[in-house]
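In what follows, a single structure is set out as structure tokens and then discussed.
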Amino acid sequence: MNFEIIINALPKLFDGLGVTLTLTAITVVLGLLIAVPLAIARSSGPAWLNAIVFAYTFFFRGTPLLVQLYLVYYGSGQFRPQLEAANLWWFFRDPWNCAILTFTLSTAAYTTEIIRGAILAVPTGQREAAKAYGMTPFQRTRMVILPQAFSYAIPTYMNEIVFQLQATALVSLITIPDLTGVATVIANRTYAHYELYLTAALFYLVVVYALLLVLKQVERRLTHHMTV
1129 MNFEIIINAL PKLFDGLGVT LTLTAITVVL GLLIAVPLAI ARSSGPAWLN
1179 AIVFAYTFFF RGTPLLVQLY LVYYGSGQFR PQLEAANLWW FFRDPWNCAI
1229 LTFTLSTAAY TTEIIRGAIL AVPTGQREAA KAYGMTPFQR TRMVILPQAF
1279 SYAIPTYMNE IVFQLQATAL VSLITIPDLT GVATVIANRT YAHYELYLTA
1329 ALFYLVVVYA LLLVLKQVER RLTHHMTV
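In my numbering, the protein residues as written are 1129 to 1356.
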């Protein structure tokens, strides 16, 4: 074990970790913002809208994330003339933008189904009580259904956030210098693959552990009223 290589690599590995955490945070937030209205559409929208959202979630949940990433990053090059005409090529030629788009759409698909299941788990009696109280459909959704649905969804959603963090390692394959990408570059230069990848793995373990602690605290705060 060459500790000197590890120590010298730490500053760059921390830089890569920053990229990993930034990518995770951005895509998780954007994915959640997209997923909430889609989950409502899936659970109570018209049939045609339900079908569109189902097709979207089925595609992104049914295909490998790496294939989706390659499809957006490499596949968009085949449509360069059209994208340039639409003034969108600047977006798709940047690997960072492609990663943000792909990971956001992917996590939004999973989160949509997580929240939809939680919405359906809200007791019918509470929906009927809110309706009898004179609440509009929007008020029922915002004040009664969604708060409870989020409480039900938290344990599963925690797993989705952890998966999203771990999946960001794939972006190193499209030249983004995340934690895995930086470890790979240094390992290829120093031939210390074991040391670098082991260190990267420890970084991921520490971050996931810290993330789970934070999410557990959030879960306790949001579900304390449900304990007996």
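Think of the CB as a built atom: it goes at the ideal place given N, C-alpha and C, for glycine as much as any other residue.
Proximity of residue i and residue j at Cβ, strictly below 9 Å
| i | j | result |
| --- | --- | --- |
| alanine 1237 | arginine 1189 | yes |
| leucine 1293 | leucine 1339 | yes |
| arginine 1170 | glutamate 1241 | yes |
| leucine 1307 | alanine 1297 | yes |
| threonine 1284 | threonine 1155 | no |
| alanine 1246 | serine 1279 | yes |
| leucine 1158 | isoleucine 1304 | no |
Closest by C-alpha distance to residue i, when choosing among the options
| i | options | result |
| --- | --- | --- |
| valine 1272 | Val1313, Pro1305, Ala1311, Leu1248 | Leu1248 |
| alanine 1163 | Tyr1184, Val1290, Thr1264 | Tyr1184 |
| methionine 1129 | Leu1324, Val1334, Phe1186, Arg1348 | Leu1324 |
| phenylalanine 1231 | Ala1213, Thr1191, Lys1259, Ala1281 | Thr1191 |
| valine 1147 | Pro1223, Ala1179, Arg1270 | Pro1223 |
| lysine 1344 | Ile1282, Gln1206, Thr1264 | Ile1282 |
| valine 1290 | Ala1153, Asp1143, Leu1138 | Ala1153 |
| leucine 1233 | Gly1144, Ala1277, Phe1186, Arg1349 | Phe1186 |
Residue i to residue j span [Cα, whole Å]
| i | j | result |
| --- | --- | --- |
| isoleucine 1302 | threonine 1312 | 13 Å |
| tyrosine 1198 | isoleucine 1228 | 13 Å |
| valine 1195 | phenylalanine 1220 | 16 Å |
| leucine 1211 | tryptophan 1218 | 9 Å |
| asparagine 1225 | threonine 1327 | 28 Å |
| leucine 1141 | valine 1310 | 6 Å |
| tyrosine 1202 | threonine 1252 | 47 Å |
| valine 1346 | phenylalanine 1131 | 37 Å |
| alanine 1320 | isoleucine 1134 | 9 Å |
| valine 1200 | arginine 1208 | 12 Å |
| leucine 1177 | asparagine 1215 | 29 Å |
| alanine 1127 | tyrosine 1322 | In this structure the chain extends from 1129 to 1356, so residue 1127 is not present and cannot be described. |
| valine 1356 | leucine 1160 | Residue placement at valine 1356 is poorly supported in this model, since its pLDDT is 44, which falls under 50; the coordinates are not used for a value here. |
| valine 1336 | serine 1172 | 35 Å |
| tyrosine 1332 | phenylalanine 1266 | 41 Å |
| asparagine 1287 | valine 1250 | 21 Å |
| tyrosine 1263 | proline 1275 | Here residue 1263 is methionine; the residue named in the question, tyrosine, does not match the sequence. Going by the C-alpha atoms only, they are around 15 Å apart. |
| leucine 1166 | alanine 1213 | 30 Å |
| arginine 1348 | threonine 1239 | 20 Å |
Helix, strand or coil at residue i according to DSSP, with G and I counted as helix
| i | result |
| --- | --- |
| alanine 1214 | coil |
| valine 1272 | helix |
| threonine 1303 | coil |
| glycine 1309 | helix |
| asparagine 1130 | coil |
| methionine 1286 | helix |
| glycine 1159 | helix |
| tyrosine 1261 | coil |
| alanine 1179 | helix |
| tyrosine 1319 | coil |
| alanine 1169 | helix |
| proline 1139 | helix |
C-beta neighbour in chain C for residue i, strict 9 Å
| i | result |
| --- | --- |
| threonine 1318 | Going by chain labels, chain C is absent from the structure shown, which holds only one protein chain. |
Complete alpha helix (DSSP H) runs within the region 1184-1258 (minimum length 4 residues, chain order): For the region 1184-1258, whole alpha helix (DSSP H) runs of length 4 or above, ordered along the chain, are 1193-1201, 1208-1213, 1217-1220, 1223-1249.
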